[in-house]
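*Asks:*
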Amino acid sequence: MIIGNNFNNPNQQANRFHSNFKRIQNQGKQNNTNAFVKNLSTMAHTDASNTDAMHDKTLALLNERLQNKQITMEEFTRQCEALGKRRNMN
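Under this note's numbering, the first residue of the sequence shown is numbered 12, with each subsequent residue one higher.
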């Protein structure tokens, strides 16, 4: 061990781990987005005749309602399954 080098000190490692873990957790709370769902605000002017775009907008709307706790996870899942069946019919 090098004198004055606390990099390998177990207490310092634990402190670094906990601080990094808390930072990552806080970033996750601030950026609560789903990578598979587009942002609803970007879909404001969606072509209503384009069925794929409308399905994407419906999914974005469902995701926003789930994030705002307006619907339950069970309702979200049920609506997503119905949306998937409608999408596969086309």
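Virtual Cβ for every residue (Gly too), placed ideally from N, Cα, C.
(1) Shorter than 7 angstroms, the distance from the beta carbon of L72 to the closest heavy atom of the ligand COA, or not?
(2) When you compare each of K68, T62, N61 and D63 to A55 by their alpha carbons, which one comes out closest?
(3) Tell me which residues share the same chain as M65 and place their Cβ nearer than 7 angstroms to its Cβ, disregarding the 5 neighbours each side in the sequence.
(4) Quick check: L73 and F87, are their CB atoms within less than 8 angstroms of each other?
(5) Check this for me: beta carbons of L77 and M84, under 8 angstroms apart or not?
(6) For H56, does the three-state DSSP call read helix, strand or coil?
(7) Taking the straight line between their C-alpha atoms, what separation do you get for R27 and K33?
*Replies:* The relevant details are as follows:
(1) The ligand COA is absent from the structure shown, which contains no ligands of any kind.
(2) K68
(3) T57 and A59
(4) yes
(5) yes
(6) In the structure shown, H56 sits in coil (DSSP, three-state: anything other than H, G, I, E or B).
(7) 10 angstroms
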